[in-house]
Amino acid sequence: LNEDRDMAVRAVRQAVRMAPNSVLVLNAAGWIEYYVANYDAASEHLRRAIRLDPVGHIGAHSRNCLGISEALAGRLEEAASILEDCLAEEGPNGGNLMPLINTYWDLGRVDDARRLVPQLLAAMPGFSRTREVRDFAISDTPARERIAACFEALGLPE
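Residue numbering for the sequence shown is 25 to 182, as defined by the working numbering.
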């Protein structure tokens, strides 16, 4: 994906045209659109995937990405609600804690963000804010910078 994002986007959009009711295709399309900062398209695909698989593993994976996409699109209250549900359903893991911490931070819910930091560090021993931000696949530079600033302000390990 990092080497040819345009090809990935074209391929996944073609897959959606060919299999518009495939949970796997819609989930993949949602993630790809999220990676290239097409948050509205990502959310549309992910919501359809969740409707088709409301309680399955792919639906849960889609829900997590939907929360992240909603946050990055600026729909922070919706994102917080979705990500809180992910945390309640899946338990603490880096995939739901990092975006929820960032969403709380962006909402000004700093105490809530700080409350989750010990859970994040327990779920991700060896956490490095520099490595995590560097390894984010998203192409949205301002979002990456906000996330990095949040992690730094919260005192997460370098």
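Using N, Cα and C, we set each Cβ at its ideal position, and we do this for glycine too.
Taking C-alpha atoms, which residue in the options lies nearest to residue i?
{"i": "G98", "options": "R87, L131, H85", "result": "L131"}
{"i": "C174", "options": "G91, A161, I162, T154", "result": "T154"}
{"i": "V157", "options": "A137, R139, N126", "result": "N126"}
{"i": "R75", "options": "Y63, V60, G150, V47", "result": "V47"}
{"i": "R71", "options": "R170, A32, G91", "result": "G91"}
{"i": "G83", "options": "D109, Y63, A95", "result": "D109"}
{"i": "L144", "options": "L178, R170, A161", "result": "L178"}
{"i": "G150", "options": "S93, R34, G118, E169", "result": "G118"}
Taking the straight line between their C-alpha atoms, what separation do you get for residue i and residue j?
{"i": "L107", "j": "A172", "result": "19 Å"}
{"i": "L124", "j": "N45", "result": "29 Å"}
{"i": "R133", "j": "R37", "result": "36 Å"}
{"i": "Y128", "j": "V141", "result": "12 Å"}
{"i": "L180", "j": "R41", "result": "42 Å"}
{"i": "E176", "j": "D77", "result": "37 Å"}
{"i": "A39", "j": "A32", "result": "10 Å"}
{"i": "D164", "j": "A61", "result": "6 Å"}
{"i": "I56", "j": "D135", "result": "32 Å"}
{"i": "A167", "j": "V49", "result": "26 Å"}
Mind reading off the beta-carbon distance from residue i to residue j? Whole number of angstroms is fine, and I expect it under 8 Å.
{"i": "N51", "j": "A73", "result": "5 Å"}
{"i": "G54", "j": "S86", "result": "6 Å"}
{"i": "Y58", "j": "S93", "result": "5 Å"}
On the criterion of 16 or more Cβ atoms from any shown chain inside 10 Å, does residue i qualify as buried, or is it exposed?
{"i": "V79", "result": "exposed"}
{"i": "A137", "result": "buried"}
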